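J.: Quick note on our numbering: the sequence shown kicks off at 591 and runs consecutively.
Each residue gets a CB set at the ideal place from its N, CA and C atoms; glycine is no exception.
Computed from a predicted model, the values in this text were never measured in an experiment.
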Amino acid sequence: MQEYQVAVIGGGLAGLTAAIALGKAGITTLVIERHEYPRHKVCGEYLSGEVVPLLKALGVPLQDAQTIKRFNLVGLFGKEAHCNLPLEGIGISRYALDFRMMEVARQNGVEILHTKATALLPEDKGIEIVTGAGRISARIALGCWGKRSLMDRQTNREFLRKKSPWMGLKMHYEGVDFPADTVGLYTIPGGYGGCSLTETGALNYCMLLDQNQFRIYGDPDTALEASIAGNPKLKLLLQGAKPSFQKPLSIAEIAFGQKDLVQKNVLYCGDAAQLIHPLCGNGMAMAIHAGYMAAQAIADQFNKQDFDFDELSRVYQSNWHRTFNRRLRWGKTLQSLVTKPQGLRLGISTTRLLPGLLEKVIAQTQGRVIPVNRIEQISKQ
591 MQEYQVAVIG GGLAGLTAAI ALGKAGITTL VIERHEYPRH KVCGEYLSGE
641 VVPLLKALGV PLQDAQTIKR FNLVGLFGKE AHCNLPLEGI GISRYALDFR
691 MMEVARQNGV EILHTKATAL LPEDKGIEIV TGAGRISARI ALGCWGKRSL
741 MDRQTNREFL RKKSPWMGLK MHYEGVDFPA DTVGLYTIPG GYGGCSLTET
791 GALNYCMLLD QNQFRIYGDP DTALEASIAG NPKLKLLLQG AKPSFQKPLS
841 IAEIAFGQKD LVQKNVLYCG DAAQLIHPLC GNGMAMAIHA GYMAAQAIAD
891 QFNKQDFDFD ELSRVYQSNW HRTFNRRLRW GKTLQSLVTK PQGLRLGIST
941 TRLLPGLLEK VIAQTQGRVI PVNRIEQISK Q
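Structure follows, in structure tokens:
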């Protein structure tokens, strides 16, 4: 049986960030990812500026990403609100970003195993992971398998007992005249969609839709077309645009409620820990930040004479809640406002009357820039 200090289950943003940082710290790390790289994922593909210096310090190339400075909110009936973003972000596809992060992880000694994890078997001082390629032993596992996985069912996670009304759809478009420095949020019947350019110049349109509305449409293609047609300015924007995929990507049962952050010898990161509402534009940043946060806490434990998972669990959960709880609360409130036409009209009118208000609201859904010197500290441990 192969043995590692850390096994990361899921090679998305959280898992790869943690793996890179752990690799830099000299900790033997395995990433178990069922899919080959690169591939497209349902994601808004806007990355908040708080984690851009972190990724650069970890060695992830971002030079071709779009620099995004402006935010544009467009209601169903054409009313708009604009502001500068509190922190400049970037637009980059998951197709490119995940692949680049995987390469950086390998350069730092991380092993990547493309197979499916099927079970976690906690032990007194470690954990055994059952995979399609055999059994893996590790001192600790990171659960980074995304929004919803069969692994959630295997580990009996509580959030699965509650049904979620939300689903996501995504499409890239070519030939769209959209400002490269802007991220747009468009409300649609039963939800909203975000627009921004990726590193290739393609426009990413990713939408959150109530599943009751989806049932009216009947299938992903119809849902995508009808939702776009439901907002006149969005329809005009995408008129004549060429879809990049044969069919839209989709994911169902997107749950925004609280999830457990730890189980015995397992820490959860990224979307496996909790999702922020997409209108905040902070999901990618939260995943990256949480992955690095977990790596720091794990590296600290391995530097002690005795590895104490209970202490690690307390530190990680405390740091996680202190860092993310405020923006999660704001996201829940803002989603309730944006998905109600009357509330949105009132919100847009208010931001027009009070210059600077929209920027201040956005700031509540973002974090502070992570100091780069902390990367240097973990690498020297």
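Would you mind stating whether Asn698 and Ile622 have Cβ atoms separated by less than 8 Å?
T.: No, Cβ-Cβ distance for Asn698 and Ile622 is not below 8 Å.
J.: Just mark Phe667 as buried or exposed, buried being the case when its beta carbon has 16 or more other beta carbons within 10 Å.
T.: It counts as exposed.
J.: Can you tell me which residues form a DSSP beta bridge with Phe897?
T.: Per DSSP, none; premise fails for Phe897.
J.: Scan the stretch 813-841 and note each continuous alpha helix (DSSP H) run of 4 residues or more that stays entirely inside, going in chain order.
T.: Here the runs fully enclosed are 822-828.
J.: Let me check one thing: in DSSP terms, what residues is Gly679 bridge-paired to?
T.: Ile658, per the DSSP bridge assignment.
J.: Please look up how many angstroms separate the CB atoms of Thr607 and Tyr882, rounded, as I've assumed it's under 8 Å.
T.: Confirmed, Cβ separation roughly 5 Å.
J.: Within its chain, find whatever has a CB closer than 7 Å to the CB of Pro779; leave out the 5 residues flanking it on each side and keep chain order.
T.: Same-chain partners within the cutoff: Gln803, Ser817 and Gly820.
J.: What does DSSP give as the partner residue(s) for Ser727 in the beta ladder?
T.: Answer by DSSP bridge pairing, in chain order: Glu593 and Glu718.
J.: On the DSSP bridge assignment, give the partners of His867 in chain order.
T.: Partner(s): none; His867 has no beta bridge.
J.: Kindly confirm or deny that the stretch 899-909 and the stretch 943-955 touch, where touching means at least three C-beta pairs closer than 8 Å.
T.: The stretch 899-909, when compared against the stretch 943-955, does not touch it at the 8 Å Cβ threshold.
J.: Under 6 Å Cβ to Cβ from Gly765, same chain only, skipping five residues before and after it: list those, please.
T.: Excluding sequence neighbours, Gly765 sits near Ala831 and Lys832.
J.: Please report the straight-line C-alpha distance between Arg904 and Ala884, rounded to a whole angstrom.
T.: Each residue's alpha carbon lies about 12 Å from the other.
J.: Between the C-alpha atoms of Arg629 and Ala671, what's the straight-line distance to the nearest angstrom?
T.: Distance between the alpha carbons of Arg629 and Ala671 is about 34 Å.
J.: If you run the structure through DSSP and keep just helix, strand and coil, what is Trp735?
T.: DSSP places Trp735 in coil when its eight states are reduced to three.
J.: Following the continuous alpha helix (DSSP H) through Asn802, name the residue where it begins and the one where it ends.
T.: Counting along the chain, the alpha helix (DSSP H) containing Asn802 begins and ends at Gln801 to Tyr807.
J.: Whole angstroms are fine: how far does the CA of Gly665 sit from the CA of Arg935?
T.: Roughly 7 Å separates the two Cα atoms.
J.: Tell whether a beta-carbon distance below 8 Å holds between Glu635 and Ser786.
T.: Yes; because the gap between Cβ atoms is below 8 Å, this pair is in contact.
J.: Look at the alpha carbon of Arg696 and the alpha carbon of Ala597, and state the distance between them as a whole number of angstroms.
T.: Spanning the two alpha carbons is a distance of roughly 14 Å.
J.: What are the boundary residues of the alpha helix (DSSP H) that Leu612 is part of?
T.: Segment Leu603 to Lys614, the alpha helix (DSSP H) holding Leu612.
J.: Run through DSSP, which three-state label would Lys760 get?
T.: In this structure, Lys760 counts as strand in the three-state DSSP scheme.
J.: Return the chain-ordered list of same chain residues with a C-beta closer than 7 Å to the C-beta of Pro755, the five sequence neighbours on each side being excluded.
T.: Around Pro755: Asp800, Gln801 and Asn802.
J.: Can you give me the C-alpha to C-alpha distance between Gln932 and Arg912, rounded to a whole angstrom?
T.: Approximately 33 Å, taken between the alpha carbons.
J.: Could you say which of Lys669, Met691 and Ser683 lies nearest to Ala647 if we only look at CA atoms?
T.: Considering only alpha carbons, the answer is Met691.
J.: By DSSP's criteria, Tyr776 is part of a beta bridge. Which residues make up the other side?
T.: According to DSSP, which records beta bridges pairwise, Tyr776 is partnered with Val664 and Gly783.
J.: Go to Ala707, then tell me how far its beta strand (DSSP E) extends in each direction, as first and last residue.
T.: Run containing Ala707: Ala707 to Glu713, per the beta strand (DSSP E) assignment.
J.: Measuring straight from C-alpha to C-alpha, what distance separates Ile717 and Ala709?
T.: So the two alpha carbons sit approximately 10 Å from each other.
J.: Using the C-alpha atoms, what's the distance from Gly781 back to Leu759?
T.: Going from the Cα of Leu759 to the Cα of Gly781 covers about 11 Å.
J.: Could you say if the stretch 865-878 and the stretch 914-926 meet the contact criterion of at least three C-beta pairs nearer than 8 Å?
T.: Enough Cβ pairs lie closer than 8 Å, so yes.
J.: Note down the Cα distance separating Arg729 from Glu713, rounded to an integer number of angstroms.
T.: So the alpha carbons of these two residues sit roughly 9 Å apart.
J.: How many angstroms separate the CA atom of Ile617 from the CA atom of Gln595?
T.: Each residue's Cα considered, the two are about 6 Å apart.
J.: Go ahead and label Asn926 buried or exposed: buried means 16 or more other beta carbons lie within 10 angstroms of its beta carbon, across all protein chains shown.
T.: It should be pointed out that residue 926 corresponds to Ser in this sequence rather than to Asn. When all chains shown are included, Ser926 counts as exposed.
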